[in-house]
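Student: Following this message is one structure expressed as structure tokens.
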Amino acid sequence: MGADLHETAGLRLRDLGQRYTANRRAVVELLASTHAPLTIPELLAAGPGVAQSSAYRNLAVLEEAGVVRRLLTSGDFARYELAEDLAEHHHHLICVRCGSAEDYTVPTALERRLSRAVSEAEAMTGFEAEHHRLDLIGTCAGCRT
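Next comes the structure, spelled out in structure tokens:
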């Protein structure tokens with residue numbers, strides 16, 4: 000995780016009149032080090048330096064600044080990950096039984112087909128898409144066994 004990530008996060012927060020505090024930096028570092036969106040309890044367990052009292056507030060501020068995005072799944076908690084422009088483009092596998100969410104990068108050929116499908120939808124509807132995301136909803140391997 001490079002200085003560019005932290006520099007960008009700091010600039011986005013500054014644009015909102017917010018500071019890039021040590022707690023916010025710790026949250027960004029944790030999210031950058033994982034390959035799956037995390038719930039707040041998972042985030043707290045993974046980063047003992049992250050204070051529970053400020054985790055909700057810091058995630059809300061980071062989301063408002065466009066550093067973090069919230070992913071709603073079938074679980075009890077929302078999941079959080081870095082905004083896509085700060086990480087690589089990916090999609091999700093979301094389990095309806097346990098609420099887990101896993102990052103999934105589709106093969107290049109499939110990504111091209113998805114982009115064409117988005118273009119076709121735009122042409123048919125007049126809607127202009129900013130980006131796309133494919134969330135596969137189903138049952139994970141752990142819940143299937």
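Counted from 1, the sequence shown has number 4 at position 5 by numbering that gives the first Met the number 0; the numbering is strictly sequential.
A virtual CB, placed ideally from N, CA and C, is assigned to each residue, including glycine.
So the beta strand (DSSP E) Leu37 belongs to, where does it begin and stop?
Tutor: As a first step, residue 37 is located in the sequence shown; it is residue number 38 there, counting from the start. Here Leu37 belongs to no beta strand (DSSP E), and DSSP marks it neither H nor E.
Student: Looking at the secondary structure, which residues open and close the alpha helix (DSSP H) in which Arg111 lies?
Tutor: Along the sequence shown, read from residue 1 onward, the residue named residue 111 stands at position 112. 107-124 is the span of the alpha helix (DSSP H), which, as asked, contains Arg111.
Student: Could you pull out every residue in the same chain whose Cβ sits closer than 8 Å to the Cβ of Ala64, ignoring the five residues on either side in sequence?
Tutor: If you number the sequence shown from 1, residue 64 lands on position 65. Within the same chain, Ala64 has close Cβ partners Ala8, Arg11, Leu12, Asp14, Leu15, Gln17.
Student: If you follow the beta strand (DSSP E) that Val66 is in, where does it begin and where does it stop?
Tutor: Indexing the sequence shown from 1 puts residue 66 at position 67. From DSSP, Val66 is part of no beta strand (DSSP E); its letter is neither H nor E.
Student: Here's the rule I'm using: 16 or more other beta-carbon atoms within 10 Å means buried, otherwise exposed. How should Leu71 be labelled?
Tutor: Counting from 1 along the sequence shown, the entry for residue 71 is found at position 72. A residue is called buried once 16 or more other Cβ atoms fall within 10 Å of its Cβ, and Leu71, having fewer, is exposed.
Student: Helix, strand or coil: how does DSSP classify Ala86 here?
Tutor: Here residue 86 refers to the residue found at position 87 of the sequence shown. Three-state result, Ala86: coil.
Student: Rounded C-beta distance between Tyr79 and His90? I'm assuming under 8 Å.
Tutor: The count along the sequence shown starts at 1 and reaches residue 79 at position 80. The count along the sequence shown starts at 1 and reaches residue 90 at position 91. With a Cβ gap of about 16 Å, Tyr79 and His90 do not count as contacting.
Student: So what's Asp3 in DSSP terms, helix, strand or just coil?
Tutor: For the purposes of this step, residue 3 is identified with residue 4 of the sequence shown, where counting begins at 1. Asp3 falls in the helix class under three-state DSSP.
Student: Across the region 128-139 and the region 81-100, are there enough close Cβ pairs to call them in contact, namely three or more that are closer than 8 Å?
Tutor: yes
Student: Would the beta-carbon of Ala50 fall within 7 Å of that of Ile39?
Tutor: Working through the sequence shown from its first residue, we reach residue 50 at position 51. Working through the sequence shown from its first residue, we reach residue 39 at position 40. No. Outside cutoff.
Student: Between the beta-carbon of Leu29 and the beta-carbon of Gly46, is there less than 7 Å?
Tutor: Position 30 of the sequence shown holds residue 29. Position 47 of the sequence shown holds residue 46. Going by C-beta atoms, Leu29 is nearer than 7 Å to Gly46.
Student: Please state the DSSP three-state secondary structure of Tyr19.
Tutor: Walking along the sequence shown from the start, residue 19 turns up at place 20. The answer is coil: DSSP assigns Tyr19 none of H, G, I, E or B.
Student: Grab me the residues of Ala67's own chain with a C-beta within less than 8 Å of its C-beta, minus the 5 sequence neighbours each way, in chain order.
Tutor: The sequence position of residue 67 within the sequence shown is 68, counting from 1. Sequence check: residue 67 is Val here, not Ala. Excluding positions up to five away in sequence, the list reads Val26, Val27, Leu30, Leu58, Leu61, Tyr79, Glu80, Leu81, Ala82.
Student: So, at 7 Å on beta carbons, what are the nonlocal neighbours of Asp75 in its own chain, with the 5 sequence-adjacent residues on each side left out?
Tutor: In the sequence shown, counting from the first residue as 1, residue 75 sits at position 76. Correct list, in chain order: Gly98.
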